[in-house]
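A.B. asks: So the protein sequences, as listed, match chains A and B. So that you can map any letter, position 75 of the first sequence is 121 in my numbering, and since no number is skipped, the others follow by simple counting. So that you can map any letter, position 125 of the second sequence is 171 in my numbering, and since no number is skipped, the others follow by simple counting. Even for Gly, the Cβ is constructed at its ideal location relative to N, Cα and C. What you are looking at is a predicted structure, and each value in this text was computed from that prediction instead of being measured.
Protein chains: 2
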Amino acid sequence: MGSPQKSDHPTEAPKPRLSRDLVLSTALALVDAEGLDALTMRRLGQELQRDPMSLYRYAANRAALLDGVSEMVLNELAIFPDDPDWQAQLRKIAHDLRLLALRHPNVVPLLVTRPLSTPLGMRPLGTLRPLEQILALLIEAGFTPSAALHVYRAYYGFLYGHILNELQEYIVDPEENEAILRLGLHRLPAKDFPHLRALGPVLADYDGDGELDQGLSILLSGLATQLTPQHQPGS
Amino acid sequence: MGSPQKSDHPTEAPKPRLSRDLVLSTALALVDAEGLDALTMRRLGQELQRDPMSLYRYAANRAALLDGVSEMVLNELAIFPDDPDWQAQLRKIAHDLRLLALRHPNVVPLLVTRPLSTPLGMRPLGTLRPLEQILALLIEAGFTPSAALHVYRAYYGFLYGHILNELQEYIVDPEENEAILRLGLHRLPAKDFPHLRALGPVLADYDGDGELDQGLSILLSGLATQLTPQHQPGS
DNA sequence: GACAACGTCTCTACAATGTAGACAGTACGC
DNA sequence: GCGTACTGTCTACATTGTAGAGACGTTGTC
Numbered sequence: 047m048g049s050p051q052k053s054d055h056p057t058e059a060p061k062p063r064l065s066r067d068l069v070l071s072t073a074l075a076l077v078d079a080e081g082l083d084a085l086t087m088r089r090l091g092q093e094l095q096r097d098p099m100s101l102y103r104y105a106a107n108r109a110a111l112l113d114g115v116s117e118m119v120l121n122e123l124a125i126f127p128d129d130p131d132w133q134a135q136l137r138k139i140a141h142d143l144r145l146l147a148l149r150h151p152n153v154v155p156l157l158v159t160r161p162l163s164t165p166l167g168m169r170p171l172g173t174l175r176p177l178e179q180i181l182a183l184l185i186e187a188g189f190t191p192s193a194a195l196h197v198y199r200a201y202y203g204f205l206y207g208h209i210l211n212e213l214q215e216y217i218v219d220p221e222e223n224e225a226i227l228r229l230g231l232h233r234l235p236a237k238d239f240p241h242l243r244a245l246g247p248v249l250a251d252y253d254g255d256g257e258l259d260q261g262l263s264i265l266l267s268g269l270a271t272q273l274t275p276q277h278q279p280g281s
Numbered sequence: 047m048g049s050p051q052k053s054d055h056p057t058e059a060p061k062p063r064l065s066r067d068l069v070l071s072t073a074l075a076l077v078d079a080e081g082l083d084a085l086t087m088r089r090l091g092q093e094l095q096r097d098p099m100s101l102y103r104y105a106a107n108r109a110a111l112l113d114g115v116s117e118m119v120l121n122e123l124a125i126f127p128d129d130p131d132w133q134a135q136l137r138k139i140a141h142d143l144r145l146l147a148l149r150h151p152n153v154v155p156l157l158v159t160r161p162l163s164t165p166l167g168m169r170p171l172g173t174l175r176p177l178e179q180i181l182a183l184l185i186e187a188g189f190t191p192s193a194a195l196h197v198y199r200a201y202y203g204f205l206y207g208h209i210l211n212e213l214q215e216y217i218v219d220p221e222e223n224e225a226i227l228r229l230g231l232h233r234l235p236a237k238d239f240p241h242l243r244a245l246g247p248v249l250a251d252y253d254g255d256g257e258l259d260q261g262l263s264i265l266l267s268g269l270a271t272q273l274t275p276q277h278q279p280g281s
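1) Does any C-beta atom of chain B lie closer than 9 Å to the C-beta of ASP131/A?
2) Would you mind telling me which residues of chain A sit closer than 8 Å to LEU177/B, beta carbon to beta carbon, in chain order?
3) I'd like to know whether the C-beta of MET168/B is nearer than 9 Å to at least one C-beta of chain A.
4) Taking the CB atoms as reference points, tell me whether TYR202/B and LEU162/B lie closer together than 9 Å.
5) To the nearest angstrom, report how far apart LEU205/B and LEU94/B are at their CA atoms.
6) With a threshold of 8 Å, are at least 3 pairs of Cβ atoms found where one atom belongs to the stretch 67 to 82 of chain A and the other to the stretch 106 to 120 of chain A?
7) Report the residue from SER65/B, GLY256/B and VAL153/B whose alpha carbon sits nearest the alpha carbon of LEU85/B.
8) Assuming LEU195/B contacts LEU245/A (C-beta within less than 8 Å), just tell me the rounded distance between them.
9) Using a Cβ-Cβ distance under 9 Å, would LEU181/B count as near chain A?
10) Determine, using beta carbons only, whether LEU156/A and LEU82/A come nearer to each other than 9 Å.
11) Reducing DSSP to helix, strand and coil, say where SER65/B ends up.
12) Quick one: Cα of LEU229/B to Cα of LEU265/B, how far?
13) Whole angstroms are fine: how far does the CA of PRO98/A sit from the CA of ILE125/B?
14) Is the CB-CB distance between PRO127/B and GLN92/B below 9 Å?
15) According to the neighbour-count rule (16 or more other Cβ atoms, all chains shown, within 10 Å of its Cβ), is SER116/A buried or exposed?
16) Hey, would you say GLU122/A sits closer than 9 Å to LEU101/A, going by beta carbons?
17) Once the 5 residues before and after GLY172/B are set aside, which same chain residues still bring their CB inside 7 Å of it?
18) Taking a Cβ distance cut-off of 7 Å, strictly less, list which residues of the stretch 151 to 168 of chain B are near chain A, in chain order.
19) Distance, Cα to Cα, ILE168/B vs ASP255/B?
20) Given a cut-off of 9 Å, decide if VAL248/B and LEU210/A are closer than it, judged by their beta-carbon atoms.
21) Using beta carbons (cut-off 9 Å, strictly below), is ILE226/B in contact with chain A?
22) Return the Cβ separation of LEU166/A and GLU215/B in integer angstroms, given the expectation that the two are a contact with Cβ distance under 8 Å.
23) Should ALA106/B be labelled buried (16 or more other beta-carbon atoms within 10 Å of its own) or exposed?
24) Is DSSP giving HIS150/B helix, strand or coil here?
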């Protein structure tokens, strides 16, 4: 009997049907595993056992592919705009996003960079969802739309800043971490970088979660003082 | 008499001698004028009226060239580690860096992205100078080295976050700014993005400087409360 | 002044990339 | 059964970074 899909060797590759989701998932997996540079059309095609050109059915060009990957990652972020405790919700989102970034460190440059070259309205919708939902959360909590925007900006700015900071000091291989770090610091001319060199040990153990939370406390309480919700939550 | 450099046409091009500084400057100018993608070896060579390969004398490869550009931009930032008023100095640095970013928006992705793929000790020294100097400023102000690092992280994280935020909403052409913005927002499905769409006008006028300063106030006073300098400034 | 050595710049060449355009194979409407 | 639309493939090309060998001019040494 003819098998539904012809295969050169019996149990080799089922060659699953392509779909945007499949393409983006394997793209993300590839980026996670080998970095952004490894994500070429040819390589991704090979990963899917397809001709590279077939990818263009699911992403207009490479840039769109990158956008798709960003979107896919941000879709992992759950936000509950109905949470009555907006501060707690913002804290949770922050920690979730931090973990997301640590789980997909190679995607972070995309998350940060792509919006810089795309006007707000033209970004992939999945990218704008967090913004919309956080606005909803804050407005629901009683902020005026304009105040909500200001809070969002301060909050999201701080959050992304922290993630960038932490990832800059985070070196992939956690075993060699300190070694590499020291090695690196060792190269610095002692005359010009006394403080930095002296901080080697302290740099090595970075409690990212703790620092994030500490910063959030400062920021949220400060924001709550400056901009008080106008009416009772729940509208 | 023979002219010191032979020129095909009299007043055409003096063909100045190459140097690392010249190469990086024109690279920066090119990036400023036409964006990061325009900075190819061939294009830069053409800009300098030299063979592309000659650039490799002054930068090991394209990545090193990008690092050089980052360095060049950061060198424009003046920091005074001896300022007795650390909060004022941090404020000034923040505003300066913001202006620097607005002056070289196309370089910002570099500033943010390159450190993510380079362990601290291997970065171009010019990139580490601000870190070292801010540490010096804080330690001079009486913070313990470890506390200084914490303050630095919160401060620099917030600062970079703000810059990214502002640049995301900043669209190059200031005339069409609002038009493009609206046009963009108009594309969003009304069902899914009610708040974002409603904020169009408010989004349009973003007082970046004001919001930065406001955030700084919150952060600095919060930090000063949490971590008090241990002894009198001036050591 | 001759000559060697060196630093600077150029030429040629190649592998890898994104992607346009024409085509093939398949599924599914009637 | 046949046309139509969708999905995937093949070929081809312009553009990129960069290796490697050499050309040119400047400079130091005898």
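C.D. replies: Result, derived from the coordinates:
1) no
2) LEU242
3) yes
4) no
5) 35 Å
6) yes
7) VAL153/B
8) 6 Å
9) yes
10) yes
11) coil
12) 35 Å
13) 50 Å
14) no
15) buried
16) no
17) GLU117, LEU120 and ASN121
18) VAL154, PRO155, VAL158, THR159, PRO161, LEU162, PRO165, LEU166, GLY167 and MET168
19) Just to set this straight, residue 168/B is Met in the shown sequence, not Ile. About 33 Å.
20) no
21) yes
22) 6 Å
23) exposed
24) coil
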